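Peer 1: Be aware that the sequence shown starts at 326, since it is given in my numbering, and climbs by one per residue. Just so it is clear, CB atoms sit at the ideal spot from N, CA and C, and this is done for glycine as well. Being a predicted model, the structure only gives us computed values, none of them experimental.
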Amino acid sequence: MNLLFDFPQNWVILFFAFLLIWAVLLVTRKTNGRKEVKEQVYLAVAGLFALFLMEVFATQSNLWHYIPGDWPVILWPTYIAAILFGYQLLRFIEENLIVKSVDIR
326 MNLLFDFPQN WVILFFAFLL IWAVLLVTRK TNGRKEVKEQ VYLAVAGLFA LFLMEVFATQ
386 SNLWHYIPGD WPVILWPTYI AAILFGYQLL RFIEENLIVK SVDIR
């Protein structure tokens, strides 16, 4: 059980960095950020499935490998946090840069 949670601290820092920036962008985009929770959940699940397929392909084709007992458990929550952050970042850019420069609203 100890090996399951024994991973480098950088993974924890990366996870919380993505999560913190996602939360900041969610709060910054007050009006639209909270209404899009369903979209974010769908995107996170679809993205996680795609990343799972990538991991399976990469490990099966020996692009990279994990030593038995050295699988970074924090990898999957970090993937989810990164996907959610990416969603919020793209929406933020779309609302603040693209819409204002085209002056749609």
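1) For residue 347, which residues of its own chain have a beta-carbon under 7 Å away from its beta-carbon, when the five flanking residues on both sides are left out?
2) Can you tell which of 403, 415, 419, 416 has its C-alpha closest to the C-alpha of residue 345?
3) Could you give the distance in angstroms between the alpha-carbon of residue 389 and the alpha-carbon of residue 383?
4) Quick check on the burial criterion: 16 or more other C-beta atoms within 10 angstroms. Buried or exposed for residue 415?
5) Per DSSP, what kind of secondary structure is residue 409 in: helix, strand or coil?
6) Skipping 5 residues on each side, what residues in its chain have a beta carbon closer than 8 Å to that of residue 354?
7) State the CB to CB distance for the pair residue 337 and residue 399, rounded to an integer number of angstroms; the pair is presumed to be in contact (CB under 8 Å).
8) With a CB to CB cut of under 7 Å and the five nearest residues on each side skipped, what residues in its chain are close to residue 376?
9) Once you ignore the five residues that flank residue 326 on each side, which residues in its own chain have a CB closer than 7 Å to its CB?
Peer 2: This is what the structure gives:
1) 406, 409, 410, 413
2) 403
3) 6 Å
4) exposed
5) helix
6) 413, 416, 417, 420
7) 6 Å
8) 404
9) Because the pLDDT at residue 326 is just 44, under 50, the model does not fix this residue reliably, and the point stays unresolved.
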